[in-house]
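A quick write-up on the structure given underneath.
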Amino acid sequence: MTRILKPVSGKAAKYLGQICAQYFRESQGLRAVEYDLGNAFTGRIDLLATDGTRNCLVTIGTADFAHDLFRSLTGYRWFRENHEFLSRVYGRDEIDLSLPLRLVILSQELPADAPGLCSETIAVPIELYRYRLYGSGDDPDISVELLWSPEEGLVIPEDFDALRRDLGIEAACLTDGDIRDFRKALGL
Amino acid sequence: MEERTRLGRGLEEVSRFYLSGSPREGAISEPEPAPAERRIVRVFHPSSPVAKSLFIANFALELARRRCRVSVWEAREGENACVCDMMGGLVRQGAVPDALTVSLYGLPDILLHEAASQGEGRFEELVAKASTPGGQDYLLISLPDTVESIIRGATPFDAVMLCPLEERELLKVFAFIKVIRESDPASRISLVFDSPPSGERAREIFERLDGFVSARSLGSLTWLGVLERDEALERSAGEGMPLVLSHDASAARDSLTDVCRAFCREAGRLLPGED
Chain A
121 MTRILKPVSG KAAKYLGQIC AQYFRESQGL RAVEYDLGNA FTGRIDLLAT
171 DGTRNCLVTI GTADFAHDLF RSLTGYRWFR ENHEFLSRVY GRDEIDLSLP
221 LRLVILSQEL PADAPGLCSE TIAVPIELYR YRLYGSGDDP DISVELLWSP
271 EEGLVIPEDF DALRRDLGIE AACLTDGDIR DFRKALGL
Chain B
33 MEERTRLGRG LEEVSRFYLS GSPREGAISE PEPAPAERRI VRVFHPSSPV
83 AKSLFIANFA LELARRRCRV SVWEAREGEN ACVCDMMGGL VRQGAVPDAL
133 TVSLYGLPDI LLHEAASQGE GRFEELVAKA STPGGQDYLL ISLPDTVESI
183 IRGATPFDAV MLCPLEEREL LKVFAFIKVI RESDPASRIS LVFDSPPSGE
233 RAREIFERLD GFVSARSLGS LTWLGVLERD EALERSAGEG MPLVLSHDAS
283 AARDSLTDVC RAFCREAGRL LPGED
């Protein structure tokens, strides 16, 4: 699912965590517990969130995917190594640290084989999202789309605008719903 | 004999005839008006201008064979072969200025007009001829297949859509149908499937598309059949000799004549004994 979030004031990078927390709260039912856990040397988690059945370690990538993945894994290591410390800091009403963990990576560009590679080689369940920034740097819009989850597998987002553009049928004013209905009706 | 004479005199004074013995009330309902005859036909192909030209060349000959006077109005699409090329072996410079002519013994001439070299007045003249009630003139139009060209066009037309059985092409065809019917609900839109895996599959997709179009209040579609492709068709294109003129057995030729016959049946243009 693609969601275009409302623009936020301030520098985009600075507020990405809050913006993404808004997305995960509205779209995935996750509650943000903490921002910016850990540090750049030993491992950092951009957002720690939970829905009561699992805990998500969210990494918001600002570089290439390889770097984002590495940051996510070091954040995971930091979380495990500091489990006792975190147990003292957070009460069970804030987060149940015994719940299963999930890595969540948001990246601006994901290689096509990233979902397959991650799911095959990483034991921890992982979700991959692509996000894009639109508008000005001070007043951005952000779109977030799920590309891979353990439950849904590969989610191929449909770019209907691109399809309409490729076919040269923009002027026919077919909506996304029209195209979905068309496919469904024809069994395509 | 005496009875018959008297009956005959009486009939002259009868203004209404009731053929059924059951009583009728009120005025006799008027018969359903026949659908308006439309002889301006635009041919579409969502992905292959060459296949479209190939079809038009054969279609024009099939119409001429049924004593229709056919003009083709064509805008060349890039470097693709056009109708002139597909009929190259038959084309000559005719009596009509700026038009090429295809003359075959015993058939009305087919006139080929290239849009780029003609004025708007010539097009309107052809439209007027093809719009004359009860006339024999057909105008086949081949323009770049874009939604914009349909929206811009002011001339109502019937459409023949050649359509491969691929999702993207079908979606494009649906976009064309939507735009045509939104601007001209009376237009007749016929579908021909271009080399589908099977006739049954084509028919199944047609039924679904027709149902989808109807459900959207965009009218109904007419099935004309499927076009086969074979070596004879490729050869005919290369030689500039439309395949319907060939006497050799060919699946492509048979499918072309079947489609054209289906069109003529819909248009009431079948020759006596042909159906």
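Residue numbers (this note's numbering), protein chains in the order written: chain A, 121 to 308; chain B, 33 to 307. Even for Gly, the Cβ is constructed at its ideal location relative to N, Cα and C. Since we're looking at a predicted model, the values are computed, not measured.
| Check | Outcome |
| --- | --- |
| Same chain only: Cβ atoms within 6 Å of C292 of chain B, ignoring 5 sequence neighbours per side | F91, E94 |
| Residue interval of the beta strand (DSSP E) (run including Y155 of chain A) | 151-159 |
| Cα-Cα separation, S80 of chain B to Q228 of chain A | 37 Å |
| Chain-ordered chain B contacts of G163 of chain A [CB-CB under 7 Å] | Going along chain B, no residue has its Cβ under 7 Å from G163 of chain A, so there is no contact; the nearest lies around 46 Å. |
| Complete beta strand (DSSP E) runs within the stretch 106-151 of chain B (minimum length 3 residues, chain order) | 123-125, 131-134, 142-146 |
| Neighbour list for G297 of chain A in chain B, Cβ cutoff strictly below 8 Å | The premise fails here: G297 of chain A is roughly 12 Å from chain B at the closest Cβ pair, so nothing lies under 8 Å. |
| Beta bridge counterpart(s) of F225 of chain B as assigned by DSSP | B:C195, B:V258 |
| Straight-line Cα distance separating L221 of chain A from V258 of chain B | 57 Å |
| Minimum Cβ-Cβ distance from A302 of chain A to chain B less than 8 Å | One detail in the question is off: residue 302 of chain A reads as Phe in this sequence, not Ala. Interface residue, yes. |
| Own chain partners of S163 of chain B with C-beta closer than 6 Å, once the 5 adjacent residues on each side are dropped | none |
| Proximity winner among A:G255, A:L248, A:D281, A:E272, relative to I265 of chain A (alpha-carbon distances) | Residue 265 of chain A is actually Glu in this sequence, not Ile. If we check each option's Cα against that of E265 of chain A, A:L248 comes out closest. |
| Check whether I209 of chain B and V179 of chain B have beta carbons under 8 Å apart | no |
| Minimum Cβ-Cβ distance from K210 of chain B to chain A less than 8 Å | yes |
| Closest by C-alpha distance to T241 of chain A, when choosing among A:L219, A:A282, A:L193, A:E278 | A:L193 |
| Rounded separation between P55 of chain B and F295 of chain B - CA only | Low per-residue confidence applies at P55 of chain B: pLDDT is 44, beneath 50, and the placement is therefore not dependable, though the value from the model is reported in the following sentence. C-alpha separation (whole angstroms): 41 Å. |
| Chain B within 8 Å of A292 of chain A, Cβ atoms only | yes |
| Chain-ordered residues of the stretch 171-189 of chain B with a beta carbon less than 7 Å from chain A | T178, V179, E180, I183 |
| Classification of V209 of chain A by the beta-carbon crowding that lies within 10 angstroms, buried from 16 upward | exposed |
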